[in-house]
Amino acid sequence: MSSDPKVWVASILTIMAYSYLFKENEFYKAMEHLYVGVAAGYTVVMGYTNVVSKVWEPLTKKGSWWVLIPAVIGLCLFAPYIGARYAWLRRIPVAVIAAIGAALSARTAVTEQFVQQLRASMISLTTLDNVIIALGTLATLSYFIFTVRPNPVLRAGAEAGKWVIMVTLGAAFGAGIMGRISLLIGRLFLLFQDWIPLIKPR
20 MSSDPKVWVA SILTIMAYSY LFKENEFYKA MEHLYVGVAA GYTVVMGYTN VVSKVWEPLT
80 KKGSWWVLIP AVIGLCLFAP YIGARYAWLR RIPVAVIAAI GAALSARTAV TEQFVQQLRA
140 SMISLTTLDN VIIALGTLAT LSYFIFTVRP NPVLRAGAEA GKWVIMVTLG AAFGAGIMGR
200 ISLLIGRLFL LFQDWIPLIK PR
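In my numbering, the protein residues as written are 20 to 221.
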């Protein structure tokens, strides 16, 4: 067995987490509370590090007074804890965060989800793969056409588009399952290779 204490801790915590597959028990609850506590502590440390590196050091060492503007806006989030009459100040940083998030999301949606997909669809029909991609794209688009009276051609395209969507969702679900299985394999290698060497490395 391994003599590394980090491997022992990781393996025991892994077993405690997977004990939920048998039934909910005290070991799983302890692991759950430990995970939440570590995540909360990590968040506090990261917040402190960000304040020091992005506000305190630029302000004291570089004289960047402009960092006080986002710092003051961020402090407005804690205004309700000072008093109920100051609770309205919390709306300012929330509005700023929502506006910036909406702007960034809109830019990403236009460039990545619209422009890039249009570019990916503009392919030469010289190979069978490209023909299948083009037909699948047209069939999927025809499935979402609701402003034209249905006709046999559109109805056939919509039916084909429905099957294309089902295959795509199935492939996405399978990829997600494979990702979870890869995580499980990593935990099994930790238990049966690093902790208890039942699996010999190649």
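Using N, Cα and C, we set each Cβ at its ideal position, and we do this for glycine too.
Taking the Cα positions, Gln212 is about 26 Å away from Val57.
When the Cα atoms are used, Ala194 and Val183 turn out to be separated by approximately 16 Å.
By the Cβ criterion, the segment 25-36 is in contact with the segment 201-211, since at least three pairs of Cβ atoms, one from each stretch, lie closer than 8 Å. Lys181 and Leu144 have their C-alpha atoms spaced approximately 23 Å apart. Contact check for Pro77 against Val64 fails: the beta carbons are separated by 8 Å or more.
Within the segment 76-109, the complete alpha helix (DSSP H) segments at least 4 residues long are 76-80, 87-94, 98-101, listed from N- to C-terminus. Counting every other CB atom within 10 Å of its CB across the protein chains shown gives Met35 a total of 16 or more, marking it as buried. Rounded to the nearest angstrom, the gap between the Cα atoms of Ile152 and Thr146 is 10 Å. DSSP places Glu43 outside both helix and strand once states are collapsed to three, so it counts as coil. Judged by pairs of C-beta atoms under 8 Å, the segment 97-106 does not touch the segment 114-132, as fewer than three such pairs exist. Burial is judged here by how many other beta carbons sit within 10 angstroms of a residue's own beta carbon; Gly60 has fewer than 16 and is exposed. Residue state for Arg126 is assigned as helix, using DSSP reduced to three classes.
Look at Arg206 here: in three-state DSSP terms it is helix. In the DSSP annotation of this structure, the continuous segment of the alpha helix (DSSP H) that includes Ser161 starts and ends at 147-162. For Pro216, no alpha helix (DSSP H) segment is defined, and its DSSP state is neither H nor E. Thr159 is not a Cβ neighbour of Ser140, given a cutoff of 8 Å. For Val28, the uninterrupted alpha helix (DSSP H) segment begins and ends at 24-37. A direct Cα-Cα distance of roughly 40 Å separates Gly93 from Glu43. Here Met50 is buried: its Cβ has 16 or more other Cβ atoms, across all protein chains shown, within 10 Å.
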